[in-house]
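A.B. asks:
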Ligand SMILES: Cc1ncc(C[n+]2csc(CCOP(=O)(O)OP(=O)(O)O)c2C)c(N)n1
Ligand SMILES: Cc1ncc(C[n+]2csc(CCOP(=O)(O)OP(=O)(O)O)c2C)c(N)n1
Ligand SMILES: [Mg+2]
Ligand SMILES: [Mg+2]
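Chains as they are written, first to last, in the numbering used here: chain A, 45 to 405; chain B, 45 to 405; chain C, 1171 to 1495; chain D, 1171 to 1495.
1. Is there at least one Cβ from chain B nearer than 9 Å to residue 1274 of chain D's Cβ?
2. At which residues does the beta strand (DSSP E) containing residue 1137 of chain C begin and terminate?
3. Any chance the segment 219–234 of chain B sits against the segment 184–194 of chain B, with 3 or more Cβ pairs inside 8 Å?
4. One question on the structure: do residue 1173 of chain C and residue 1321 of chain C come within less than 9 Å of each other, judged by their Cβ atoms?
5. In terms of residue numbering, what span does the beta strand (DSSP E) encompassing residue 236 of chain A cover?
6. According to DSSP, residue 1260 of chain D sits in a beta bridge with which residue or residues?
7. Check the Cβ of residue 196 of chain A against every Cβ in chain C and list those closer than 7 Å, keeping chain order.
8. Kindly indicate the opening and closing residues of the alpha helix (DSSP H) around residue 1414 of chain C.
9. Quick one: what's got a C-beta closer than 6 Å to residue 1455 of chain C's C-beta in the same chain, skipping five residues either side?
10. Using a 10 Å radius around the Cβ and a threshold of 16 neighbouring Cβ atoms, would you call residue 1259 of chain D buried or exposed?
11. Residue 1454 of chain C touches chain D at which residues, Cβ-Cβ below 7 Å?
12. Helix, strand or coil: how does DSSP classify residue 95 of chain A here?
13. Please classify residue 100 of chain B as buried or exposed, where buried requires at least 16 neighbouring CB atoms within 10 angstroms.
14. With a threshold of 16 other CB atoms inside 10 Å of the CB of residue 326 of chain B, please say whether the residue is buried or exposed.
15. I want to see whether chain G comes within less than 9 Å of residue 1279 of chain C, judged by CB atoms only; does it?
16. Which residues in chain B sit within 8 Å of residue 1195 of chain C, going by Cβ to Cβ distance?
17. At a cut-off of 8 Å, is residue 178 of chain A close to ligand 1 when judged by its beta-carbon and the heavy atoms of the ligand?
18. If the cut is a Cβ gap below 7 Å, which residues of chain B does residue 1409 of chain D touch?
19. Going by the beta-carbon positions, is the gap between residue 245 of chain A and residue 208 of chain A smaller than 9 Å?
20. Is DSSP giving residue 1359 of chain D helix, strand or coil here?
21. Determine the DSSP secondary structure at residue 1270 of chain C, reduced to helix, strand or coil.
22. Count Cβ pairs between the segment 1464–1481 of chain C and the segment 1322–1334 of chain D that sit closer than 8 Å; are there 3 or more?
23. So which of C:1361, C:1274, C:1437 has the shortest CA-CA distance to residue 1378 of chain C?
24. Have a look at residue 1199 of chain D and residue 248 of chain A and give me their C-alpha separation to the nearest angstrom.
25. Quick one: Cα of residue 1357 of chain C to Cα of residue 1331 of chain C, how far?
26. Is there at least one non-hydrogen atom of ligand 4 closer than 8 Å to the beta-carbon of residue 302 of chain B?
27. Could you tell me whether any Cβ in chain B is nearer than 9 Å to the Cβ of residue 217 of chain A?
28. Whose CA, out of C:1347, C:1335, C:1281, lies closest to the CA of residue 1175 of chain C?
29. Give the secondary structure of residue 1433 of chain D by DSSP, where H, G and I count as helix, E and B as strand, and everything else as coil.
30. Answer with buried or exposed for residue 1226 of chain C, where buried requires no fewer than 16 other C-beta atoms within 10 angstroms of its C-beta.
31. Rounded C-beta distance between residue 1382 of chain D and residue 1472 of chain D? I'm assuming under 8 Å.
32. Leaving out the 5 sequence neighbours to the left and right, which residues in its chain are closer than 7 Å to residue 73 of chain B when beta-carbon positions are compared?
33. Could I get the ranges of all uninterrupted alpha helix (DSSP H) runs contained in the segment 320–350 of chain B, with 4 residues as the minimum, in chain order?
34. Write down the C-beta distance between residue 143 of chain B and residue 117 of chain B rounded to the nearest angstrom, noting that I regard them as a contact closer than 8 Å.
35. Ligand 4 heavy atoms versus the CB of residue 240 of chain B: any closer than 8 Å?
36. Can you confirm whether residue 1439 of chain D, when its beta carbon is compared against all beta carbons of chain A, has any partner nearer than 9 Å?
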């Protein structure tokens, strides 16, 4: 139904909450438990605070590269919240908020960006694949997780994120097509944050929307206001339902904006105007979500202030821990290549240790 | 216009000549010079005869693998004939008819399938790229040829063929998207011959048509009766016109059928029924084209018989030449690796020659 | 005990593994309904259903990429690349994911999967159907690379590969798919990964080969009775069984490496290096590589120059024996 | 004469080549408007327009595949892979087409194109941003592989690569993009492809390196005055300048090869083999490889173990000198 009403070929985009937090499609307002709504908001606040702080730490030379999420919180939290506990989360690399919601700890995330592989060893039972740097390649992983679930008759689905730039990659095509072909329980969320590093969305493809790419695979696609957590939730719920019924994958284009730089090595002033950024500031997902929660009576200004305060304290303590976590042990860089160390690895480790010893290093 | 009237999303397919050679869309009948029409038909006859003979030679152990075109003549000749002389032809591997039309000699084609690289050294001025085995990768070559033409303001376009199975490949996506993005003068013809080796079209993608994949790239796509040379000609002419005006690429899905095996190593009885094959026999492109030409007064039964006779003689003589052409000279397998032989190549060639000498081989 | 071809042995290993372990799935281009272009997977779909044995679209990255996801979620995918020359579109998945998931997640995830691919020349094929790309896989940490040379080993090694907790690239020498038969036990058995096989002990010269070339070496040396060569079938290209090689070379002092892969920066170079690093003082002659030329493997009308013959092997063996420092 | 960084030298080579030859086009991800993530292409789009310098979609196979078409139709594309770790999705195009078009068409078509890619570790980067994948390109017939180690060579080699009628993979050691400046002539000049450079002559020991490691070797040997090493910067990895290496080793009898690429089946093995094949009787010690471990190059908190230090180089040089058979 929503796919007909919000046909991307007709220039339609799903929005439920406008940028001021007003319900513009009250009939489509999803019923979400208060607990869940608050978990969503709490995640977004922690996501926002830890994200901004990471940039700051990096600027102080205390952290390595970082890819900020500021502005994309609703696109992530709105979608991941509509998935089920046993579902799998497959990342690109700019999904801190989705990760936090799904049980990755802030410490792990920071540790990763601090340059330690242990940051990708999420706790047991946390069904999240590590950050995936090679653009596009993650879609096929989601397809495989979903195939296994389907074959083993487990009620699981996979949600996978990709950027607007990533949709140009061959693997996007192969992965979505594969998912469609076998009616796999996959939800594909394109975070169209308008840029791929310096390259604007219009230079990724001639297609007017990214949602319409679904037609190539015979699956439904929808464009959603990615800064509207309710719209993202609704679209993802419908997609998740389809997945559960064996109807296959759904493509969701979340229209959003990366407020910060691509990563801390990037200077967005080189390729976009301040006016553009200012305009998007008004569409901040946290503003509208907060207004909605207050309107619903689920949040007060005081509670909100406290949330930010707690988040800041949490971030500070977490970063302190990470910053003092030191280096990876030598053995670790060898140990996880195979189940068992191979002869060449043993030899290389021994030789290096012998060198350290003899060199007195 | 034709893209609206024959919208693949509405289940429309362009057909002008029906399977008996009757004009079912007389208003759309393209005006084609008699010369061209006859060149088209002659090519198809030679293509048909040489194709069938190749299979026979192979069965006799006198030729290596061969990938037959029988049944797909109109899809190829109808499209290539609508391109201009300076245009580029970019092959997959099952385009004998398009090659012949464009100036590749039958001898070269046979030589190639006989296992000699010289078969891909087409005459000067013949703007055809060699047979391209890695599925999908040729689309990007066409895009590059077209980009160069556009940048250098040359009135050239590229036509590129791919199979139904090939549309699942990542490179199909990247190539069509790249072409669309830069409005490149490219015509992409999908020869949907219903199978990719043993795998039927329905197992390539969930999309109802392959033509609708165009929507993913913001370019027009159309499904055409691929056994109708006039429909193929019309669709390609429109596409070529768009290309010339800087309007970018067009995707044409030619619905056709591979009457023979995938290659001479394949046994199609394993995966398709005789009935299906019989049904498609009635749709033979040569039957309807011949009827059309006779109706137009461009061909008589006697001329037609003579054409087949000549073709058979031509094929016989050509194959004789190829069959007695012998092996590639040793030096040739080294000489074309780089512009100049590198030290390692010189050394390897010398060493091998020395071995041959000493071994008295 | 029945005699079987290498192809039949592969089929049997797949069949028995699927029978024994519900989590094994088999897919790739034309692998399901028709049973593969070489028929290595014949009969499997009928027996185990379309869920566990199926035709994939022509999309190698999707084949391997989806196998990554399946392996993480409880399956043991055994996927096929129709020819090793067509594994390259999946090379990004293999290098950046298959090889790395265990390390990236510090052991949270690992990938018990197998990527099978027919490889090698000598079958008079079209372009990209004759490649020997061992180096591309052997050089990548996190992958294992296994190549059988006999029906017996094919079955045992493939069973081991499927049981292995790490990803295994399994290259099948298509030239000898049907070349000869050998007694192959009916029951399941394993041939260990990482162990070379001494095909024939000897004292004069060590000859190392794998895949289809092992037979060529055997033929060559059968006709060269004056040289008592120790013939080693490497079987696992990565991780290499250094001990077997080094021990042999310490004994013989001379080594000939025979492979069809391109010579330069090819697999033989690693063997030369190992021998240098571990048996330098035992070397009585420079280790010799008899390998594929550094050219695109020719189409059939020129392939005969490229393919290594028993005569060439014997010739090089004699040259090596004649070397005096 | 102005002093320039390696990065500036690359930029100047591109600029002057574009100025001189209308057929040169430059593109890749973020290469156009912003001038590249490292700024190697800064200013070019402004100067030469969007037609000749442009941003491509994130689609490496399309970048390389389209370059094939352009090269056939009169252009000289110089494309960028944003990092060498992201060249893998284009690997199929590179191996099956870039390397082969001349041979496939028996000379009718050839591909004057360059594929540039920053490579190597030591910059505290994320995963896939630190790879040294020389072997994957050096092993493929039909490709040339060039790696500069100084600003002077970077400019001259890149100009040569652009003029070369064959496809050239041009790896740029990003660790030293801005590490130091060197006098670089304003005018265009060529440094020949296929010729190694003797950085410092010596008689005790030959040390072979390339890219960022040349400097590390220099540092190491500056602090080791008791060893008179001949330091060779390979510059072209394929085709290798065998003569320079062999001549040196004939003189010194000892050779140390230093590279960051994974050791096993890595580039050093080929050098060991060449030295064996051509200077065996001159060897006084086993050729030694000091190379990257066979592990995924670690993230920054473990990278220090992987990166080869001048101390290690000096240590190995001393070990080699101490070897007695
Ligand atoms: C295959 C591959 N090519 C290039 C890169 C380098 N790269 C990292 S992020 C990026 C841009 C991604 O843009 P988009 O998909 O829109 O995601 P966003 O960064 O906006 O979240 C590029 C080109 C990569 N990671 N992988
Ligand atoms: C990348 C790649 N993978 C696999 C193959 C092996 N292969 C050759 S033809 C073919 C089927 C092609 O089907 P389709 O695209 O429909 O073309 P058709 O053969 O029907 O003309 C396959 C899988 C290949 N050539 N290239
Ligand atoms: Mg983006
Ligand atoms: Mg087909």
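Ideal Cβ positions, reconstructed from N, Cα and C, are used throughout, including at glycine. Nothing here was measured: the structure is a model prediction, and the numbers come from that model.
C.D. replies: According to the data block:
1. For this step, residue 1274 of chain D is matched to residue 104 along the fourth chain. Closer than 9 Å to some Cβ of chain B, the Cβ of residue 1274 of chain D qualifies, so yes.
2. Residue 1137 of chain C is absent from the structure shown; chain C starts at 1171 and stops at 1495.
3. Enough Cβ pairs lie closer than 8 Å, so yes.
4. Here residue 1173 of chain C is taken as the residue at index 3 of the third chain, counted from 1. Here residue 1321 of chain C is taken as the residue at index 151 of the third chain, counted from 1. A contact, by the Cβ cut-off of 9 Å.
5. Taking the first residue of the first chain as 1, we reach residue 236 of chain A at position 192. Taken as a continuous stretch (DSSP letters only), the beta strand (DSSP E) holding residue 236 of chain A covers 230–236.
6. For the purposes of this step, residue 1260 of chain D is identified with residue 90 of the fourth chain, where counting begins at 1. For residue 1260 of chain D, which the question treats as bridged, DSSP gives no partner whatsoever.
7. Working through the first chain from its first residue, we reach residue 196 of chain A at position 152. Ordered by position in chain C, the residues that pass the 7 Å Cβ test against residue 196 of chain A are 1244.
8. By 1-based counting over the third chain, the position of residue 1414 of chain C is 244. Looking at the DSSP string, the run of the alpha helix (DSSP H) that includes residue 1414 of chain C is 1412–1422.
9. By one-based count along the third chain, residue 1455 of chain C stands at place 285. Answer for residue 1455 of chain C: 1424, 1490, 1493, listed in chain order.
10. On the fourth chain, position 89 is the one that residue 1259 of chain D refers to. Classification of residue 1259 of chain D: buried, given that the 10 Å Cβ count is 16 or more.
11. Start at 1 with the first residue of the third chain, and residue 1454 of chain C comes out as number 284. Those within 7 Å of residue 1454 of chain C in chain D number zero; the least Cβ separation is about 10 Å.
12. As a working note, residue 95 of chain A is residue 51 in the first chain. Residue 95 of chain A falls in the helix class under three-state DSSP.
13. Here residue 100 of chain B refers to the residue found at position 56 when the second chain is read from its first residue. Exposed.
14. Along the second chain, one-based indexing puts residue 326 of chain B at 282. Classification of residue 326 of chain B: exposed, given that the 10 Å Cβ count is below 16.
15. Among the protein chains in the structure shown, which are A, B, C and D, there is no chain G.
16. As a working mapping, residue 1195 of chain C is identified with position 25 in the third chain. Those do not exist, as residue 1195 of chain C stays about 16 Å from chain B at its closest Cβ, beyond 8 Å.
17. Taking the first residue of the first chain as 1, we reach residue 178 of chain A at position 134. Yes, the beta carbon of residue 178 of chain A sits closer than 8 Å to at least one heavy atom of ligand 1.
18. In the fourth chain, the residue the question calls residue 1409 of chain D occupies position 239. Result: 386, 387, 388.
19. Within the first chain, numbered from 1, the residue matching residue 245 of chain A stands at position 201. Within the first chain, numbered from 1, the residue matching residue 208 of chain A stands at position 164. Taking 9 Å as the Cβ cut-off, residue 245 of chain A and residue 208 of chain A qualify as a contacting pair.
20. In the fourth chain, residue 1359 of chain D corresponds to position 189, counting from 1. Note: residue 1359 of chain D maps to coil in three-state DSSP.
21. The residue labelled residue 1270 of chain C in the question sits at position 100 within the third chain. Residue 1270 of chain C falls in the coil class under three-state DSSP.
22. no
23. On the third chain, residue 1378 of chain C is found 208 positions in, with the first residue counted as 1. Of the listed residues, the one whose Cα sits closest to residue 1378 of chain C is C:1437.
24. The count along the fourth chain starts at 1 and reaches residue 1199 of chain D at position 29. The count along the first chain starts at 1 and reaches residue 248 of chain A at position 204. Approximately 10 Å between the Cα atoms of the pair.
25. Sequence index remark: in the third chain, residue 1357 of chain C carries index 187 (1-based). Sequence index remark: in the third chain, residue 1331 of chain C carries index 161 (1-based). Computed Cα separation, rounded: 16 Å.
26. Numbered from 1 along the second chain, position 258 holds the residue referred to as residue 302 of chain B. The answer is yes for residue 302 of chain B.
27. Position 173 of the first chain, counting from 1, holds the residue named residue 217 of chain A. Judged by the 9 Å Cβ criterion, residue 217 of chain A is in contact with chain B.
28. Position 5 of the third chain, counted from the first residue, corresponds to residue 1175 of chain C. Selected option, being the one with the closest Cα: C:1347.
29. Here the question's residue 1433 of chain D lines up with position 263 in the fourth chain. Of the three classes helix, strand and coil, the one that applies to residue 1433 of chain D here is coil, per DSSP.
30. Here residue 1226 of chain C refers to the residue found at position 56 when the third chain is read from its first residue. Residue 1226 of chain C is buried by the Cβ-count criterion.
31. The residue you call residue 1382 of chain D lines up with position 212 of the fourth chain. The residue you call residue 1472 of chain D lines up with position 302 of the fourth chain. Not really, about 19 Å apart at Cβ, beyond 8 Å.
32. Within the second chain, residue 73 of chain B is the residue found at index 29, counting from 1. Here the set comprises 60, 67, 274.
33. 329–340
34. Position 99 of the second chain, counting from 1, holds the residue named residue 143 of chain B. Position 73 of the second chain, counting from 1, holds the residue named residue 117 of chain B. Contact between residue 143 of chain B and residue 117 of chain B fails: their C-beta atoms lie close to 12 Å from each other, not under 8 Å.
35. Mapped onto the second chain, residue 240 of chain B falls at position 196. Yes, Cβ of residue 240 of chain B sits closer than 8 Å to a heavy atom of ligand 4.
36. Taking the fourth chain and counting its residues from 1, one reaches residue 1439 of chain D at position 269. When Cβ-Cβ separations below 9 Å define contact, residue 1439 of chain D makes no contact with chain A.
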